[in-house]
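Visitor: Quick note: the sequence shown uses the numbering used here, first residue 371, plus one each step.
Mind looking over this structure? Questions follow.
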Amino acid sequence: MNETLLRELIPAVTGVLVRRGADFATAEDAVQDALLRALATWPTEPPADPKGWLITAAWRKFLDATRAQSSRVARETRVAAEPPPGPTEDTADTLQLYFLCAHPSLTPASAVALTLRAVGGLTTRQIARAYLVPETTMAQRISRAKRTVSGVRFDELGDVATVLRVLYLVFNEGYSGEVDLADEAIRLTRQVRSMTQDEEVSGLLALMMLHHARRDARTTPDGALVPLAQQDRSRWDTELIAEGVAILQAALARDRLGEYQAQAAIAALHADAQTADETDWVQIVGWYDELDRLTDNPVVRLNRAVAVGEADGAQAGLAALELVDRAVPRYPAVEAYLRERAGDLALAARLYGDAARAATNIAERDHLTRQAARLNGVVRG
Numbered sequence: 371m372n373e374t375l376l377r378e379l380i381p382a383v384t385g386v387l388v389r390r391g392a393d394f395a396t397a398e399d400a401v402q403d404a405l406l407r408a409l410a411t412w413p414t415e416p417p418a419d420p421k422g423w424l425i426t427a428a429w430r431k432f433l434d435a436t437r438a439q440s441s442r443v444a445r446e447t448r449v450a451a452e453p454p455p456g457p458t459e460d461t462a463d464t465l466q467l468y469f470l471c472a473h474p475s476l477t478p479a480s481a482v483a484l485t486l487r488a489v490g491g492l493t494t495r496q497i498a499r500a501y502l503v504p505e506t507t508m509a510q511r512i513s514r515a516k517r518t519v520s521g522v523r524f525d526e527l528g529d530v531a532t533v534l535r536v537l538y539l540v541f542n543e544g545y546s547g548e549v550d551l552a553d554e555a556i557r558l559t560r561q562v563r564s565m566t567q568d569e570e571v572s573g574l575l576a577l578m579m580l581h582h583a584r585r586d587a588r589t590t591p592d593g594a595l596v597p598l599a600q601q602d603r604s605r606w607d608t609e610l611i612a613e614g615v616a617i618l619q620a621a622l623a624r625d626r627l628g629e630y631q632a633q634a635a636i637a638a639l640h641a642d643a644q645t646a647d648e649t650d651w652v653q654i655v656g657w658y659d660e661l662d663r664l665t666d667n668p669v670v671r672l673n674r675a676v677a678v679g680e681a682d683g684a685q686a687g688l689a690a691l692e693l694v695d696r697a698v699p700r701y702p703a704v705e706a707y708l709r710e711r712a713g714d715l716a717l718a719a720r721l722y723g724d725a726a727r728a729a730t731n732i733a734e735r736d737h738l739t740r741q742a743a744r745l746n747g748v749v750r751g
């Protein structure tokens, strides 16, 4: 059976065990054990009822793990009398599991790890490799996260916004190790969207799709960054773009704008342009204004300055940049770009150098270093 399809069942199975009386930490371990057994023992064709098989195997593992406890008889009696869950209960269980894994008491790193393990069905080893940390370190992180949320009642209402923030963190990790975390984030966000009518879930899903559609064009074969304006747009995934735009339009039509919808609208305008010169920068500035109103975020104002520079000229962009705190990450890179557009090549070269030294990403640092060298060559030539 396809491993991704199998992992789609994991949140609902975990939810059933928790609703039956299992504590979250033990239930999650039992489901992981059942998942590994399924991958190892199922033939090419899955059982007639894959979900039922997983629930049975996980529940038996849970009972084995708790057999010595005094509550064993009470738990077994309760489950024997309990009817099988219906579709509505499955949806509620799965959504509550998302809420639990993104609980505000968790650090972002712990919430991401717990979500990938308990909801995504990834093994600790896979998560550790994706985040380039030792497996023991990731195991400790996940164990601490489970202990942190162990006292949270499964029937407590959660906050969709916290779930979306965690999924966006997963998406931004991209591809590492043997797991494509961007694909995984899209899969999980699709699942959340199937369980709720929240427009921001649709907005985030559309945003992920629109960014993911450009992935193949973002770097050269040797790993060098390719700026958006220079990307080969024939390499963009047009089917994924069309799906993302359709999801976004349906969300915007409900007229309950949120930050992910606004970000997706900006991405859609970039995707809609056949060439960089055809980009509708005036509309993009308008969407940045909406996003700034929604978030009051200095990074939004930094990106807005670039858009203003494209729409109204470099001097207008520099004026917009003056409203941004210079301590905001990537400020020197944006100023360098606008100074170059304004014709001040010597200052732009120096600023590109400053930005390269401050960069935390190797590919970005190398790109900024090349920009500084290019301009220095022009100034000296």
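From the three backbone atoms N, C-alpha and C, an ideal C-beta is built for every residue, glycine too.
Note that the structure is predicted; figures quoted are calculated from it, not measured.
Does the ligand MN have even one heavy atom less than 6 Å from the beta-carbon of Gly573?
Guide: This structure simply doesn't include the ligand MN, nor any ligand for that matter.
Visitor: Near Ala742, what residues of its chain come up, given a Cβ to Cβ distance below 7 Å and the 5 sequence neighbours on each side ignored?
Guide: Ala719, Tyr722, Gly723, Ala726
Visitor: To which residues does DSSP link Thr518 through a beta bridge?
Guide: DSSP output for Thr518 lists no bridge partner at all.
Visitor: Helix, strand or coil for Thr589 per DSSP?
Guide: Reduced to three states, the DSSP call for Thr589 is strand.
Visitor: Looking at the structure shown, is Leu409 part of a helix, part of a strand, or coil, going by DSSP?
Guide: helix
Visitor: Would you check if there are 3 or more beta carbon pairs closer than 8 Å linking the stretch 619-634 to the stretch 656-663?
Guide: yes
Visitor: Counting Cβ pairs, one atom from each stretch, are 3 or more of them under 8 Å apart for the stretch 593-603 and the stretch 529-544?
Guide: no
Visitor: Tell me the DSSP secondary structure of Leu595 in three-state form.
Guide: strand
Visitor: Can you list, in chain order, the residues of its chain whose CB lies under 6 Å from that of Gly614, leaving out five sequence neighbours each side?
Guide: Ala576, Met579, Leu580
Visitor: Going by alpha carbons, who is nearest to Met565 out of Glu378, Leu738, Val676, Thr461?
Guide: Thr461
Visitor: Buried or exposed for Ser480, please, with buried defined as at least 16 other CB atoms from any protein chain shown within 10 angstroms of its CB.
Guide: buried
Visitor: Tell me, to the nearest whole angstrom, how far the beta carbon of Leu409 is from that of Glu373; I am working on the premise that it is less than 8 Å.
Guide: 7 Å
Visitor: Nearest-angstrom Cα distance between Glu680 and Asp550?
Guide: 33 Å
Visitor: If you drop the 5 nearest sequence neighbours on each side, which residues of the same chain put their C-beta closer than 8 Å to that of Arg560?
Guide: Leu575
Visitor: Use the C-beta contact count for Leu622: other C-beta atoms within 10 angstroms, 16 or more gives buried, fewer gives exposed.
Guide: Under this definition Leu622 is a buried residue.
Visitor: Would you mind sorting Thr494 into buried or exposed? The rule is 16 or more other CB atoms within 10 Å of its CB.
Guide: buried
Visitor: Do you know offhand how far Arg709's Cα is from Ala716's?
Guide: 9 Å
Visitor: So, are the CB atoms of Val571 and Ala472 less than 7 Å apart?
Guide: no
Visitor: Could you tell me whether the stretch 462-470 touches the stretch 423-434, using the rule of 3 or more Cβ pairs below 8 Å?
Guide: no
Visitor: Which term fits Asn673, buried or exposed, when burial requires 16 or more other beta carbons within 10 angstroms of its beta carbon?
Guide: buried
Visitor: Measuring CA to CA, which of Arg514, Glu554, Ala500 is closest to Val489?
Guide: Glu554
Visitor: Buried or exposed: Ile497, going by 16 or more other Cβ atoms within 10 Å of its Cβ?
Guide: buried
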